[in-house]
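Below: the structure, in structure tokens.
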Amino acid sequence: MDLHTVAEVVSPAGAGQWRPGDAWLAGGTALFAEPRPGVTRLLDLAAAGWTPITVRDDGLEIAATCTVAELAAYARAPHLTAFHGLATACCHAFLASFKIWNVATVGGNLCAALPAGPMIALTAALGGECLILGPGGERRVPVTRFVTGDGTTALSPGELLRSVTLPTAAATGRTAYRRGSLFTHGRSAVLLAGRLAPGGLVLTVTAATVRPYQLTFDGVPGAAALQAALADAVPDDAWADDVHGSPAWRRHLTFRYAEEIRRELTA
Amino acid sequence: MSDCTEPRPPAPGNGPDGEGQEGMPRRHSPMTVSINGADHDRPPRPGQCLRTYLREEGCTGVKKGCDTGDCGACTVHVDGVPVHSCVYPAFRARGRRVTTIEGLAPPDGLHPVQQRFLDAQGFQCGFCTAGLIMTTAALDEARLADLPRALKGNLCRCTGYRAIGDAIRGVRTVDDADGGPAVGASVGAPAGAQVVTGAAQYTFDVDVPGLLHLKVLRSPYAHARIAGIDTAPALAVPGVRAVLTHEDAPGRHFSTARHEHPTEDPADTRVLDDVVRFAGQRVAAVVADTEAAAEEGCRRLRVAYEVLPPVLGPEAAMRPGAPLVHGDKDPVANRIARPDRNLAGELHAELGSVADGFAEADVVYEETFRTPRVQHASLETHGAIGWLDNEGRLTLRSSTQTPFLTRLALADLYDLPPERVRVLTGRVGGGFGGKQEMLTEDLVALAVRTTGRPVKHEYTRAEQFTSATTRHAFTVRMKAGARRDGSLTALQLHVVTDTGAYGNHGPAVMYHGCHESIAVYRCPNKKVDAYAVYTTTVPAGAFRGYGLGQVSFAVESVLDELARRLGMDPVLFRERNVVRPGEPLTAPGEHADDLLIGSYGLDQCLAAIRSAAASTGTQAPPGWLVGDGMAMAMIAAGPPGGHVADAAVTLLPDGRYELAVGTAEFGNGSTTVHAQIVADTLGTTPDRIVIRQSDTDLVGHDTGAFGSTGVVVAGHAVLLAARALRTRILESAGGSTLSAGAVHLPDGTSLPLTRVGPVQAEGRWAGTPRSVAFNAHWFRIAVDPDTGELRILRSVHSADAGRVMNPLQCRGQIEGGVAQALGSALTERMVVDEAGRVTTTGFRQYHLPAYADVPETEIVLADTEDSIGPLGAKSMSESPYNPVAPALANALRDATGVRFTELPFTRDRVWARLQDRAGPSA
């Protein structure tokens, strides 16, 4: 929709330019989908020309402005088995269609910080680390701590998300994935990703909870241990309570899917 | 192909080679936007989205359905890639090639996808069609193979998607013009070519010079008195032309509901009131040169509210001492049943004695059922553009189902003679009852009269949820008894409807809901106690089915339960109890007495269900519970109390005919049928009929496109007009028969029609007597008890529409009704929070059925011919909706053993109920 209060676009924009009333603009699919009466200037990051995905020795760096379509089509890092195991499924987890993928970005999905954000699930499950640029320099925060609640992030005013790096070690291994929604291709109410690496099982819970929760096990736990760990890790008030599913149902599916993932990865 | 503007030569160096050819690189200035091959150098505004930029540049085929990236009606291609233009920053399109629906096809032709949408009639109102075509044109093989996923981003409210799937797959379902009778053939919609090319003009697809924009400040409180409004800061905003508050509005009370007789509804609404009774109600309107200035003006208004106690549910509102929503009004003058008890209307009546009936019963069952608020979600939002014409006449172009009634309401409101008001529509982008309401025209008229300028007011999608109307939420307690032989002994209904802050359609929906739902059953003892209750929430209004669906959910669930308790097949149980031809249709209360069984196909409908239920072979995953369920419904073919249509048919000088008819076309397809009727009556073909419609200047009167009247009332008037014209032509020419283009004389010679005209004849039908139509639905479903997922394995719908005028369209109406009903049965629920605010304000929170959510439904049409309807036809538009939810509930009961009593059956709710069944030990 038109953002009538916007009087100026800075394109391309970069760290240090932010002032009150500014909004960072990546694809725009989230920013333009709601009235933003407080926004007077757009700082366009999409025009900055950041390389969408870069393979480094230590991992895969995904620019915040990498579109979902670019991520879904990426096939140049076959050694990152866990990445490829989860990326397509997480793209399909978007309520939004492939047309939105052409514009929406990985960083935008992280910054929107909705429980159902599938790029949060993907990058959290693969040990993603966010590179944050601010007026005073840069800092790094794990994805699991970047999203702090339903719609909230670790970003301070003026800071921007530059990229997410998936460490090579965390982007490899076998993966399993489960998703629950009230509707067949509806918004995710429960999204779990499991990764089995030499170190053990890593289970990431998103969508069912207001922020991502990650459980790390040495080796593979038994069914009872997994359920106990889940019950321990996710506080009662952390189950999302909105029109996308009741908290009790989401909790139930989370426990069910966790066990399915455990079995699939140990089969 | 069109570039949406006046033809202009391509800029040097750009050549025509790239025009409309996607995927081909094409150079042009980085400061211009190439739209369909032509450079547009007007820069977009900084915060503008591509959708509005394209529309301002003339590409009005790009539609606003949601403005949030969810519905896909605005889909265009940017550098060959499909995007939702409503969430695409317009400035980013500079230096890029944009293709819209107007530029998809080569010059003077159709793109293959456009042709397919015509061949399968893959549209009804057509508002979503351009976006669907642009999306389909961009699907690769993999996506074509997975349409449920590929079409996540395209919502259609009308069709139920079967016709869209056929179009995408290239299935041709429309009949070829073979010169045979048009009535009974699957003729395509006359506006089809305009719809698929984006040329069809909907409400806002017109360029009005000097247009002002109106935005509304809406109440944040569910109930408040407006102590004062400081308009000065708003008036100080550059571009703001006027601010309208309750001090500027007429003092007169009216109802937003539109009925032939305005006295059917309480007069409880003002254009702008000094008391707001729901969060989302108008507080003030700002009229400005731009939407931006109007919005800024709204933000600058300083309103002093005196907050009043809200009352958010009908049970609370009926309690003694509850805050009164319209306590300041008079029962007689304002036509409110009991303003001192928050009752807009009530009905207490009994036929026979239910006490005696229950005493005679061998089995009695009683349960309470709840249906939530549902939004119509027509893809085109409410809105109107108003202006004063050259003669100073107030003119409104509105997205309405009732142009003539809205004209009368405006004339009454502003003390104008009706001839000083003109109301017309463009093509209307869906209605479903939501536009049987005056929700924008009154305010636009006030703004036009205040400013003397043309004014536009277009709802946002969020306003559709917070500030339009909804389906009435019903709570129905029903008790019924039957003998061992299956005969019903008593039916008792206790109905409470939530009419919200205003009583528009409240009493009428309550009455109608309690009529055909039980009149279809022969039972000597029937009792109804019904209450339409005011609450301080968004008003309810007319919605497809008009109360019948809500009550039928209870009636058909209870009858299913009785059949189970008697060990009787539910179809047999219905057959034992349904009315038969020639029998009276009775329900407690004073109901219009002009309702007759003009034809009877209910036996055929039930036989089709029995046959479906006897089928086997459907598979469910291991561990899932499988069950069958059916329900049926009857509906009056037209509303009670009169429904008038005037039509005129004119032989034009060129030998074609012009049909003028008042009723509106919003995807209901009545226009197609009207053309078929005229064509057959006058011995010509539908392509030789020029149709003008939905304009108060065209004919004397038309009550409107509601109450399932497009064919049986307007069509009747059309038939009478065409017959009269035929007689007139034959008489004036001394002819014996007519064919396309000529009058044939008894001596074997013929006279070209071009030498006969112009000659005109008129027809009028007053909508009485009325017949009834029948529907039945059957599902076989599977349920996963551990996730609550409900899967429809087979869906069969049988319908008695009398003589079927257009089989493809009739099927489309049924499929669309079933899909909309599946939405209210499975996915849709408006949520009102504890402060009375609607929180489901977009399609992400309020899930409309998408392609993936709607299974194919097999349709069986009864073979009947009605004695009342035109050429034997009956209605088939609202009614398919009504039996779907109870059929699903009955299938759930069969599968799980649990009686589900509250819609919708979402997975979390189904799971929770099945947990309860299993008990804490499970």
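Chains as they are written, first to last, in this note's numbering: chain D, 184 to 450; chain H, 245 to 1166. Quick reminder that beta carbons are idealized off the backbone N, C-alpha and C, glycines included.
Inset, instruction - Consider the Cβ of Trp-1155 (chain H): report whether some Cβ of chain D lies at a distance smaller than 7 Å. - result: By one-based count along the second sequence, residue 1155 (chain H) stands at place 911. So yes, Trp-1155 (chain H) belongs to the interface.
Legend entry - Between the CA atoms of Arg-439 (chain D) and Ala-407 (chain D) - distance to the nearest angstrom: What you label residue 407 (chain D) is simply residue 224 of the first sequence in a count that begins at 1. What you label residue 439 (chain D) is simply residue 256 of the first sequence in a count that begins at 1. Between Ala-407 (chain D) and Arg-439 (chain D), the alpha-carbon positions lie close to 12 Å from each other.
Inset, instruction - Quick one: residues in its chain with C-beta nearer than 6 Å to the C-beta of Leu-964 (chain H), no 5 flanking neighbours on either side, listed in chain order? - result: Taking the first residue of the second sequence as 1, we reach residue 964 (chain H) at position 720. If we look at Leu-964 (chain H) and ignore the five residues flanking it on each side, its Cβ neighbours are Gly-1007.
Inset, instruction - Determine the DSSP secondary structure at Arg-341 (chain H), reduced to helix, strand or coil. - result: Taking the second sequence and counting its residues from 1, the one referred to as residue 341 (chain H) is at position 97. Arg-341 (chain H) sits in a strand when the DSSP states are folded into three classes.
Legend entry - For Ile-444 (chain D), three-class secondary structure by DSSP: Residue mapping note: residue 444 (chain D) aligns to position 261 of the first sequence, counting from 1. In the structure shown, Ile-444 (chain D) adopts helical secondary structure according to DSSP, grouped into three states.
Inset, instruction - Write down the C-beta distance between Gly-744 (chain H) and Pro-783 (chain H) rounded to the nearest angstrom, noting that I regard them as a contact closer than 8 Å. - result: Counting from 1 along the second sequence, the entry for residue 744 (chain H) is found at position 500. Counting from 1 along the second sequence, the entry for residue 783 (chain H) is found at position 539. Confirmed, Cβ separation roughly 4 Å.
Inset, instruction - On a CA-only basis, which of D:Ala-260, D:Leu-297 and D:Thr-264 is nearest Leu-278 (chain D)? Give me that one, please. - result: Start at 1 with the first residue of the first sequence, and residue 278 (chain D) comes out as number 95. Comparing Cα-Cα distances from Leu-278 (chain D) to each of D:Ala-260, D:Leu-297 and D:Thr-264, the minimum goes to D:Leu-297.
Inset, instruction - Use the C-beta contact count for Asn-634 (chain H): other C-beta atoms within 10 angstroms, 16 or more gives buried, fewer gives exposed. - result: Residue 634 (chain H) sits at position 390 when you count from the first residue of the second sequence. It counts as exposed.
Legend entry - As assigned by DSSP and simplified to three states, the class of Gln-1053 (chain H): As a position in the second sequence, residue 1053 (chain H) is number 809, starting the count at 1. Correct three-state label for Gln-1053 (chain H): helix.
Legend entry - Nearest residue (CA-CA) to Pro-235 (chain D), options D:Thr-271, D:Gly-268, D:Leu-226 and D:Ile-245: Indexing the first sequence from 1 puts residue 235 (chain D) at position 52. Checking every option, the nearest Cα to that of Pro-235 (chain D) belongs to D:Ile-245.
Legend entry - With 16 other Cβ atoms within 10 Å as the buried cut-off, status of Glu-250 (chain H): On the second sequence, residue 250 (chain H) is found 6 positions in, with the first residue counted as 1. Any reading at Glu-250 (chain H) must be qualified, since the residue scores a pLDDT of 44, below 50, and its modelled position is unreliable; no value is offered.
Inset, instruction - Spell out whether any CB of chain H is found under 7 Å from the CB atom of Asn-292 (chain D). - result: Here residue 292 (chain D) corresponds to residue number 109 of the first sequence, with the count starting at 1. It does not; no Cβ of chain H falls within 7 Å.
Legend entry - Backbone CA spacing between Thr-449 (chain D) and Val-403 (chain D) [nearest angstrom]: Sequence index remark: in the first sequence, residue 449 (chain D) carries index 266 (1-based). Sequence index remark: in the first sequence, residue 403 (chain D) carries index 220 (1-based). Near 8 Å, if we compare the C-alpha coordinates of Val-403 (chain D) and Thr-449 (chain D).
Legend entry - Where Cys-849 (chain H) sits in the DSSP three-state scheme: Here the question's residue 849 (chain H) lines up with position 605 in the second sequence. In the three-state DSSP reduction, Cys-849 (chain H) falls in the helix class (H, G or I).
Inset, instruction - Kindly indicate if chain D contains any beta-carbon less than 7 Å away from that of Lys-396 (chain H). - result: Numbered from 1 along the second sequence, position 152 holds the residue referred to as residue 396 (chain H). Yes - at least one Cβ of chain D is within 7 Å of the one on Lys-396 (chain H).
Legend entry - Three-way DSSP call (helix, strand, coil) for Lys-573 (chain H) in this model: Position 329 of the second sequence holds residue 573 (chain H). Under the three-state reduction of DSSP output, Lys-573 (chain H) falls in the coil class, being neither helix nor strand.
Inset, instruction - Check whether the stretch 293–311 of chain H touches the stretch 324–335 of chain H, taking contact to mean three or more Cβ pairs, one atom from each stretch, closer than 8 Å. - result: Contact check between the stretch 293–311 of chain H and the stretch 324–335 of chain H: three or more CB pairs, one atom from each, fall below 8 Å, which counts as touching.
Inset, instruction - Establish whether the CB of Thr-1150 (chain H) and some CB of chain D are separated by less than 7 Å. - result: As a first step, residue 1150 (chain H) is located in the second sequence; it is residue number 906 there, counting from the start. Cβ-Cβ to chain D under 7 Å: yes for Thr-1150 (chain H).
Legend entry - Contacts of Glu-535 (chain H) in chain D (Cβ-Cβ under 9 Å): Numbered from its first residue, the second sequence carries residue 535 (chain H) at position 291. Those within 9 Å of Glu-535 (chain H) in chain D are Asp-185 and His-187.
Inset, instruction - Pick helix, strand or coil for Cys-542 (chain H), following the three-state DSSP scheme. - result: For the purposes of this step, residue 542 (chain H) is taken as the residue at position 298 of the second sequence. Helix at Cys-542 (chain H).
Inset, instruction - Enumerate, from N- to C-terminal direction, the unbroken beta strand (DSSP E) stretches of 3 or more residues contained entirely within the stretch 481–560 of chain H. - result: The stretch 481–560 of chain H contains these whole beta strand (DSSP E) runs: 484–488, 526–532 and 546–551.
Inset, instruction - Could you name the residues of chain H that Glu-191 (chain D) contacts, counting a contact when the two beta carbons are closer than 8 Å? - result: Position 8 of the first sequence, counting from 1, holds the residue named residue 191 (chain D). Near Glu-191 (chain D) (Cβ distances below 8 Å), the residues of chain H are Pro-290.
Inset, instruction - Report yes or no: is there a C-beta of chain H within less than 7 Å of the C-beta of Val-251 (chain D)? - result: By one-based count along the first sequence, residue 251 (chain D) stands at place 68. Answer no: the Cβ-Cβ gap between Val-251 (chain D) and chain H never drops below 7 Å.
Inset, instruction - Run the CB neighbour count on Met-754 (chain H), radius 10 Å, all protein chains shown included, and call it buried at 16 or more, exposed below. - result: Mapped onto the second sequence, residue 754 (chain H) falls at position 510. By the neighbour-count rule (16 or more Cβ atoms within 10 Å), Met-754 (chain H) is buried.
Inset, instruction - Kindly indicate if chain D contains any beta-carbon less than 7 Å away from that of Val-608 (chain H). - result: Position 364 of the second sequence, counted from the first residue, corresponds to residue 608 (chain H). Cβ-Cβ to chain D under 7 Å: no for Val-608 (chain H).
Legend entry - Completely contained alpha helix (DSSP H) runs for the stretch 1029–1094 of chain H, where each covers 4 or more residues: Listed in chain order, the complete alpha helix (DSSP H) runs (minimum 4 residues) inside the stretch 1029–1094 of chain H are 1051–1066.
Legend entry - Between the CA atoms of Leu-552 (chain H) and Ala-523 (chain H) - distance to the nearest angstrom: By 1-based counting over the second sequence, the position of residue 523 (chain H) is 279. By 1-based counting over the second sequence, the position of residue 552 (chain H) is 308. Rounded to whole angstroms, the gap between the alpha carbons of Ala-523 (chain H) and Leu-552 (chain H) is 12 Å.
Legend entry - Sub-7 Å separation of Arg-970 (chain H) and Leu-926 (chain H) beta-carbons: Working through the second sequence from its first residue, we reach residue 970 (chain H) at position 726. Working through the second sequence from its first residue, we reach residue 926 (chain H) at position 682. Judged by beta-carbon spacing, Leu-926 (chain H) lies within the 7 Å limit of Arg-970 (chain H), meaning their Cβ atoms are closer than that value.
Legend entry - Continuous beta strand (DSSP E) assignments of at least 3 residues falling wholly in the stretch 975–1024 of chain H: The qualifying runs are 981–983, 986–988, 994–996 and 1003–1009.
Inset, instruction - Can you tell me which of the three DSSP states His-355 (chain H) falls into? - result: In the second sequence, counting from the first residue as 1, residue 355 (chain H) sits at position 111. Coil, per DSSP.
Legend entry - Beta-carbon neighbours of Leu-436 (chain D), restricted to chain H and to distances below 7 Å: As a working note, residue 436 (chain D) is residue 253 in the first sequence. Within chain H, the residues whose beta carbon sits less than 7 Å from that of Leu-436 (chain D) are Thr-1031, listed in sequence order.
Legend entry - Opening and closing residue of the beta strand (DSSP E) in which Ser-346 (chain D) lies: Within the first sequence, numbered from 1, the residue matching residue 346 (chain D) stands at position 163. 343–350 is the span of the beta strand (DSSP E), which, as asked, contains Ser-346 (chain D).
Inset, instruction - For chain D, find out if any of its Cβ atoms is closer than 7 Å to the Cβ of Arg-1161 (chain H); answer yes or no. - result: Numbered from its first residue, the second sequence carries residue 1161 (chain H) at position 917. No, Arg-1161 (chain H) does not count as interfacial toward chain D.
Legend entry - Min CB distance Trp-284 (chain D) to chain H below 7 Å: In the first sequence, counting from the first residue as 1, residue 284 (chain D) sits at position 101. Not one chain H Cβ lies under 7 Å of Trp-284 (chain D).
Inset, instruction - Could you check if Arg-445 (chain D) is buried or exposed, using at least 16 other CB atoms within 10 Å of its CB as the buried criterion? - result: Here the question's residue 445 (chain D) lines up with position 262 in the first sequence. With a threshold of 16 other beta carbon atoms within 10 Å, Arg-445 (chain D) meets it and is buried.
Inset, instruction - Indicate whether at least one CB of chain H lies closer than 7 Å to the CB of His-262 (chain D). - result: Within the first sequence, residue 262 (chain D) is the residue found at index 79, counting from 1. The C-beta of His-262 (chain D) comes no closer than 7 Å to any C-beta of chain H.
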